[in-house]
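Numbering (this note's numbering), first residue to last: 651 to 902.
Ideal placement from N, C-alpha and C gives every residue a C-beta, glycine not left out.
Because the structure is a prediction, the values reported are computed rather than measured.
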Ligand code: PGA
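Here you go:
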């Protein structure tokens, strides 16, 4: 179901003690807000998931992983399977972040395997897509995002696709301080919703949450989230500071 969502992607930051402290601060600040209907998700490193799952148990915050293996089990040293994540009762898994695509050579084919494993286990994927700067500059950004989506989430059944959260993250805006303008975000989100309509119909398209990610912060979140097709954000740097993160959560 379409919801306003703000998800923090901690990436490879915070020790466990720092992570516990951050969650406690977020919980405290959230408890001072009334009428918040936004779904808040934190995505800490694997090592923190069990501890932080307990830490959020008496709150409305949900928790997810940043990645999972594309194999279900076996001799894959260093990998973490979806069933392991399921067994600690987390809710979400980020799939296809541009850093995974760029530094760990994750292809669309491999991401589709992950999506299927995540959905079959009952967890919910936050699926990332987005173009790099040279693609934006040469005007092929819509085509690039369409391809990423067609090769992955559009290969799912409608029932499965219905459970996917999409995060549009222009790679040139991630960690750079250079946010997409509100118009650039809206036009891509609208484009994504249009191609979902073509593929699965308007009713399903209207139910999908499409998040924006890339230098979204406490200052620009309100303007970005005011767009009709922007249903929230996937937040990197600004999710590491409780006051900033909670301000973003309150930006609807
Ligand atoms: P950023 O990262 O907010 O630090 O740009 C966003 C992301 O990578 O999900």
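Could you round the C-beta distance between residue i and residue j to whole angstroms and report it? I think they count as a contact, below 8 Å.
{"i": "residue 773", "j": "residue 741", "result": "7 Å"}
{"i": "residue 636", "j": "residue 692", "result": "The first residue shown for the chain is 651 and the last is 902, placing residue 636 beyond what the model contains."}
{"i": "residue 663", "j": "residue 861", "result": "Not quite, the Cβ-Cβ distance comes to about 20 Å (not below 8 Å), so this is no contact."}
When the Cα atoms are used, what is the spatial distance from residue i to residue j?
{"i": "residue 873", "j": "residue 866", "result": "10 Å"}
{"i": "residue 704", "j": "residue 785", "result": "42 Å"}
{"i": "residue 670", "j": "residue 708", "result": "14 Å"}
{"i": "residue 837", "j": "residue 864", "result": "15 Å"}
{"i": "residue 698", "j": "residue 843", "result": "34 Å"}
{"i": "residue 899", "j": "residue 825", "result": "19 Å"}
{"i": "residue 652", "j": "residue 788", "result": "32 Å"}
{"i": "residue 752", "j": "residue 821", "result": "10 Å"}
{"i": "residue 696", "j": "residue 738", "result": "11 Å"}
{"i": "residue 795", "j": "residue 777", "result": "12 Å"}
{"i": "residue 710", "j": "residue 685", "result": "12 Å"}
{"i": "residue 858", "j": "residue 719", "result": "25 Å"}
{"i": "residue 809", "j": "residue 895", "result": "32 Å"}
{"i": "residue 702", "j": "residue 771", "result": "21 Å"}
{"i": "residue 870", "j": "residue 747", "result": "22 Å"}
{"i": "residue 665", "j": "residue 674", "result": "14 Å"}
{"i": "residue 791", "j": "residue 782", "result": "8 Å"}
{"i": "residue 816", "j": "residue 725", "result": "31 Å"}
{"i": "residue 668", "j": "residue 694", "result": "11 Å"}
{"i": "residue 827", "j": "residue 881", "result": "21 Å"}
{"i": "residue 875", "j": "residue 750", "result": "26 Å"}
{"i": "residue 775", "j": "residue 754", "result": "19 Å"}
{"i": "residue 845", "j": "residue 831", "result": "21 Å"}
{"i": "residue 797", "j": "residue 829", "result": "23 Å"}
{"i": "residue 793", "j": "residue 728", "result": "35 Å"}
{"i": "residue 672", "j": "residue 700", "result": "15 Å"}
{"i": "residue 847", "j": "residue 811", "result": "12 Å"}
{"i": "residue 706", "j": "residue 856", "result": "30 Å"}
Are the Cβ atoms of residue i and residue j separated by less than 8 Å?
{"i": "residue 849", "j": "residue 879", "result": "no"}
{"i": "residue 688", "j": "residue 902", "result": "yes"}
{"i": "residue 744", "j": "residue 892", "result": "no"}
{"i": "residue 877", "j": "residue 835", "result": "yes"}
{"i": "residue 769", "j": "residue 813", "result": "yes"}
{"i": "residue 780", "j": "residue 819", "result": "yes"}
{"i": "residue 730", "j": "residue 722", "result": "no"}
{"i": "residue 765", "j": "residue 806", "result": "yes"}
{"i": "residue 868", "j": "residue 833", "result": "no"}
Please name the residue or residues paired with residue i in a DSSP beta bridge.
{"i": "residue 863", "result": "884"}
{"i": "residue 718", "result": "Answer is none; residue 718 lacks a bridge partner."}
{"i": "residue 818", "result": "779 and 862"}
{"i": "residue 712", "result": "691"}
{"i": "residue 658", "result": "692 and 885"}
{"i": "residue 745", "result": "777"}
Touch check for the region 676 to 684 and the region 715 to 726: three-plus C-beta pairs under 8 Å?
-> no
Take every Cβ of the region 874 to 887, pair it with every Cβ of the region 657 to 666, and state whether three or more of those distances are shorter than 8 Å.
-> yes
Please determine if the region 791 to 808 and the region 755 to 765 are in contact, where contact requires at least 3 C-beta pairs separated by less than 8 Å.
-> yes
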